[in-house]
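Peer 1: Throughout the sequence shown, residue numbering follows the numbering used here, covering 582 to 1219 in sequence. Each residue gets a CB set at the ideal place from its N, CA and C atoms; glycine is no exception.
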Amino acid sequence: MELFEIMIVASAFTLLYDLYNVRSKNETTFLNGRIPIIVVSTGLVIISYLWFAYSFLTSNYKLIEVFQYSSSILGWSEKLYASWASNGGSWLFFAFSFALGYLVIRLMLGEKEEQSKMYQYMNVVLIFMVVVIIIQNPFAMLSYTPSEGLGLNPLLKTPWMLIHPPIVFVGYVTALYALGFTFSESDNKPRLTRGMAAIAWLFLTLGIAIGGLWAYEVLGWGGYWAWDPVETSSLVPWLTLTAYFHLVSRLTSKKSTSQDFMLMVTGALIIFATAVTRGGLAQSVHAFGSNPIGYLLLVMMGVIIVYYLGNKSKRGFSYFEFELKTDTVYDMAISMSFLSIVMIAVVSLWGIVFPIINSGVTGGDVSIDAAFFNKWTYPFVLLFLVSLIGCNLYEVLDIKKYSATVFGVVILGVVGAVMKYPTGNMLANLGIPMTFVAGIATVYHLITSIQKKRKLQISRSFLHFGVVIIMIGILFSATNEVNYGELVGTPGETMNLGELQLDFGDFERIEPTGLVQSSPSSPDLVPEFAGLSIPVTVRKGGETISADAKILLYSAHGIVARPTVLRSLGWDVYIVIHQSQNVYRALAHGLDGVEYIPVEFVVSIIYFPWMNLIWIGTLIICIGVLYPITFMRKPSSS
């Protein structure tokens, strides 16, 4: 057993020892109070990951993970993010992030009895993470030291790989911390819980947005969201955390733990998301494949739920209460917003769970396509837009005027759907009027909040306005997208596609680059990749945008054609060069160092209007979250 394998096992035992002492109210230190046990246990996890990352940075190919996911051609940043590219490495980084934050929290809050239940929960979560690491064993060594690695999957060679996983992990970790703070008995519990939940929501929002942008720019299928099980499993805890912020105290009993309950649901769903992503419970282009730890993670999820229910039952409060109120416009709107978000989460979760249950019962594979999610979430999205109108105009509308406004907008949407205006999609036309009225309402509320200097209301208006902008972007980009399919072209050709004109130049070779080991069993070194590049200029109206479209052949990973996205303020053109017999021959010759230029190629071209609205809306939402964090106030009782 290697040193760092021993350290990880030791961290599990010291965490168990600390858990026993916290629960028994014993001394939680070593050496007569000189060294806190938690410093040792979390320190072992932290040091283990730092050494693991250092092994990547120094190209220690004797470590199997480094050998399989790295090569000398990678820059230092690529080597760093390669350390969380594998299943074992990602779990080690997850545990490192949790352990580092837990250590800071423990040292700041001290060894107080009022925090003991929170510390017990934190220990249990980290113990499960460490057990997963022990099973995955990212510290396994080869019996020899290879001269080179196998290289990193080319789809992971992107700056988003450096940013996206850490952001998602921070979101997951802080959401788990927020749940932990619900077990605290200190006076600061409400402020710490809500503040940590807000940070978690920000990072989960960024994680989903960057994940969509990554898929759009790298995967090459021409979209940012496909309702893939991994994508959807990350969306569900974000939705339940969003619902937490909409479950205001006036909608629930003072003798219930309803808001804490939503954080418990979020924490449990985060563990479920990791079981789907890294435990092999569902088939996905993003997942790590079949893996036995999925069932262990389900046990972990169950332990968190049982621990929560057991602790909260001792206080004599009900777990969850929700009262649908219709006394005022605000009560009606906030009730609808909570219900609509929860129902979107329920539909999304069912779309993930049903194939898993079906596979377990029948042994057969079944998938839920995007049409299911679009069909069954859309009514609740419209209901949420209805709630936005009330949440932002409650000071100027009474219930009668609010109902009349909503009814009028619905009629307008129905007319648009029947008349097939302003798009050719009936469902989009139904929702467009509601989206624009919700946008007008949020802008009005933002202006009045700025005038009255109501900081929290300003934040909420930014959040709501960002959602509206995203909805406008989705409705208009998806319904006006033009897919020109796969076209055959020749170097130097000009393609005229309606309002688009595409001018292709001549192919240029991308010389064989880098060296990797040809296979795990062979010491022979081969070029990592070679490729072809062709310049393309897109003209539309008075705008002209140029870029190079590329297709590469990797020795270890085969053909990789990352999309070329030519962006304008109002539209994107999406170009992917495909494998054809002529192109493949040129790539294979190029990998051998022989020049061969193809005389034709196959290219996919998709036109996306208004895509930037989706990214702008996400940015506005992030501003809305960051704004109140700057003055961190206690939550109001409303």
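Please report the residue range of the beta strand (DSSP E) in which Trp672 lies.
Peer 2: Stepping through the sequence shown from its first residue, residue 672 is reached at position 91. Counting along the chain, Trp672 falls outside any beta strand (DSSP E), though it belongs to the alpha helix (DSSP H) covering Asn668 to Leu690.
Peer 1: Compute the distance between the beta-carbons of Gln1160 and Ile1140, then report whether it is under 8 angstroms.
Peer 2: Translated into the one-based positions of the sequence shown, residue 1160 becomes position 579. Translated into the one-based positions of the sequence shown, residue 1140 becomes position 559. Taking 8 angstroms as the Cβ cut-off, Gln1160 and Ile1140 qualify as a contacting pair.
Peer 1: Nearest to Phe1182 by CA position, among Leu828, Ser984, Met1076 and Ile1197, is which residue?
Peer 2: Taking the sequence shown and counting its residues from 1, one reaches residue 1182 at position 601. Closest option to Phe1182, Cα to Cα, is Met1076.
Peer 1: In the DSSP assignment, find the alpha helix (DSSP H) that holds Phe953 and state where it starts and stops.
Peer 2: The count along the sequence shown starts at 1 and reaches residue 953 at position 372. Here the alpha helix (DSSP H) through Phe953 covers Ala951 to Leu974.
Peer 1: Note down, in chain order, each residue of its chain lying with its Cβ closer than 7 angstroms to the Cβ of Ala663, except the 5 sequence neighbours on either side.
Peer 2: Taking the first residue of the sequence shown as position 1, residue 663 is located at position 82. Phe637, Tyr650, Ser651, Leu655 and Leu733, listed in sequence order.
Peer 1: With three or more beta-carbon pairs closer than 8 angstroms as the criterion, would you say the segment 1196-1210 touches the segment 1035-1051?
Peer 2: These segments touch.
Peer 1: Touching or not, the segment 907-920 and the segment 822-834, by the rule of three or more beta carbon pairs under 8 angstroms?
Peer 2: At 8 angstroms Cβ cutoff, the stretches touch.
Peer 1: For the beta strand (DSSP E) containing Thr1145, name the first residue and the last one.
Peer 2: Position 564 of the sequence shown, counted from the start, is the residue given in the question as residue 1145. Segment Thr1145 to Arg1148, the beta strand (DSSP E) holding Thr1145.
Peer 1: Rounding to the nearest angstrom, what Cα-Cα distance links Phe720 and Glu659 in this structure?
Peer 2: Here the question's residue 720 lines up with position 139 in the sequence shown. Here the question's residue 659 lines up with position 78 in the sequence shown. Roughly 20 angstroms separates the two Cα atoms.
Peer 1: My assumption, with CB atoms under 8 angstroms, is that Phe648 sits in contact with Leu723. Please give the rounded CB distance.
Peer 2: Residue 648 sits at position 67 when you count from the first residue of the sequence shown. Residue 723 sits at position 142 when you count from the first residue of the sequence shown. The pair is a contact, with the Cβ atoms about 6 angstroms apart (cut-off 8 angstroms).
Peer 1: Buried or exposed, going by whether 16 or more other CB atoms sit within 10 Å of the CB of Ala985?
Peer 2: Along the sequence shown, one-based indexing puts residue 985 at 404. Exposed, by the Cβ-count rule.
Peer 1: Looking at the C-beta of Ile886, does it have a partner C-beta in chain B at a distance below 8 angstroms?
Peer 2: Looking for chain B here will not work: only one protein chain is present.
Peer 1: Any idea what DSSP makes of Arg896, helix, strand or coil?
Peer 2: If you number the sequence shown from 1, residue 896 lands on position 315. Residue state, collapsed to three classes: coil.
Peer 1: Tell me the rounded alpha-carbon separation between Lys693 and Thr774.
Peer 2: Indexing the sequence shown from 1 puts residue 693 at position 112. Indexing the sequence shown from 1 puts residue 774 at position 193. Those two C-alpha atoms are separated by around 18 angstroms.
Peer 1: With a threshold of 8 angstroms, are at least 3 pairs of Cβ atoms found where one atom belongs to the segment 931-946 and the other to the segment 1008-1016?
Peer 2: Counting Cβ pairs under 8 angstroms, fewer than three are found: no touch.
Peer 1: Can you pull the DSSP bridge partners for Met1076?
Peer 2: Counted from its first residue, the sequence shown places residue 1076 at position 495. Per DSSP, Leu1083.
Peer 1: So for Asp841, helix, strand or coil by DSSP?
Peer 2: In the sequence shown, the residue the question calls residue 841 occupies position 260. Asp841: helix per DSSP, three-state reduction.
Peer 1: Please name the residue in Leu1168, Val1069, Glu1124 and Ser1099 whose C-alpha comes closest to that of Leu1113.
Peer 2: Here residue 1113 refers to the residue found at position 532 of the sequence shown. Selected option, being the one with the closest Cα: Leu1168.
Peer 1: Are Ala759 and Ala778 touching if we call contact CB-CB under 8 angstroms?
Peer 2: Stepping through the sequence shown from its first residue, residue 759 is reached at position 178. Stepping through the sequence shown from its first residue, residue 778 is reached at position 197. Taking 8 angstroms as the Cβ cut-off, Ala759 and Ala778 qualify as a contacting pair.
Peer 1: Ignore the nearest five residues each way along the sequence and tell me which others in Leu1200's own chain have a CB closer than 7 angstroms to its CB.
Peer 2: Residue mapping note: residue 1200 aligns to position 619 of the sequence shown, counting from 1. Same-chain partners within the cutoff: there are none.
Peer 1: Could you give the C-beta distance for Leu731 and Val1097, rounded to a whole number, given that I count them as a contact under 8 angstroms?
Peer 2: In the sequence shown, the residue the question calls residue 731 occupies position 150. In the sequence shown, the residue the question calls residue 1097 occupies position 516. The pair is a contact, with the Cβ atoms about 6 angstroms apart (cut-off 8 angstroms).
Peer 1: Can you tell me whether Phe1110 is helix, strand or coil according to DSSP?
Peer 2: Position 529 of the sequence shown, counted from the start, is the residue given in the question as residue 1110. Note: Phe1110 maps to strand in three-state DSSP.
Peer 1: Using the three-state DSSP reduction, which class does Tyr1177 fall into: helix, strand or coil?
Peer 2: The residue labelled residue 1177 in the question sits at position 596 within the sequence shown. Here Tyr1177 sits in coil by DSSP.
Peer 1: Looking at Leu800 and Ile748, is the spacing between their C-beta atoms short of 8 angstroms?
Peer 2: Position 167 of the sequence shown, counting from 1, holds the residue named residue 748. Position 219 of the sequence shown, counting from 1, holds the residue named residue 800. For Ile748 and Leu800, no; Cβs fall outside 8 angstroms.
Peer 1: Quick check: the segment 593-611 against the segment 638-645, are at least 3 beta-carbon pairs closer than 8 angstroms?
Peer 2: Judged by Cβ distances under 8 angstroms, the segment 638-645 makes no contact with the segment 593-611, as fewer than three pairs qualify.
Peer 1: Let me know if Phe594 comes out buried or exposed under the rule of 16 or more other beta-carbons within 10 Å of its beta-carbon.
Peer 2: For this step, residue 594 is matched to residue 13 along the sequence shown. So Phe594 counts as exposed.
Peer 1: Check whether the Cβ atoms of Pro818 and Thr858 sit closer than 8 angstroms, and answer yes or no.
Peer 2: Within the sequence shown, residue 818 is the residue found at index 237, counting from 1. Within the sequence shown, residue 858 is the residue found at index 277, counting from 1. Not a contact, by the Cβ cut-off of 8 angstroms.
Peer 1: Could you pull the start and end residues of the beta strand (DSSP E) that Pro1190 belongs to?
Peer 2: Residue mapping note: residue 1190 aligns to position 609 of the sequence shown, counting from 1. Phe1182 to Pro1190 is the extent of the beta strand (DSSP E) around Pro1190.
Peer 1: Is the beta carbon of Gly669 closer than 8 angstroms to that of Val754?
Peer 2: Walking along the sequence shown from the start, residue 754 turns up at place 173. Walking along the sequence shown from the start, residue 669 turns up at place 88. Not a contact, by the Cβ cut-off of 8 angstroms.
Peer 1: At 4 residues or longer, and completely inside the segment 996-1076: list those alpha helix (DSSP H) runs for me, N to C.
Peer 2: Listed in chain order, they are 1007-1033 and 1036-1061.
Peer 1: Skipping 5 residues on each side, what residues in its chain have a beta carbon closer than 7 angstroms to that of Trp957?
Peer 2: Along the sequence shown, read from residue 1 onward, the residue named residue 957 stands at position 376. Excluding residues within five positions, the ones whose Cβ falls inside 7 angstroms are Val928.
Peer 1: Whose C-alpha, out of Val1146, Tyr1165 and Ala676, is nearest the C-alpha of Thr855?
Peer 2: Along the sequence shown, read from residue 1 onward, the residue named residue 855 stands at position 274. Nearest C-alpha to Thr855: Ala676.
Peer 1: According to the Cβ coordinates, are Ala926 and Leu832 closer than 8 angstroms?
Peer 2: Taking the first residue of the sequence shown as 1, we reach residue 926 at position 345. Taking the first residue of the sequence shown as 1, we reach residue 832 at position 251. No, these two residues do not count as a Cβ contact at 8 angstroms.
Peer 1: Following the continuous alpha helix (DSSP H) through Tyr1155, name the residue where it begins and the one where it ends.
Peer 2: Start at 1 with the first residue of the sequence shown, and residue 1155 comes out as number 574. Run containing Tyr1155: none in the alpha helix (DSSP H); it sits in the beta strand (DSSP E), Trp1152 to His1159.
Peer 1: Is it buried or exposed for Pro740, if we count other Cβ within 10 angstroms and need 16 for buried?
Peer 2: The residue given as residue 740 occupies position 159 in the sequence shown. Pro740 should be labelled exposed.
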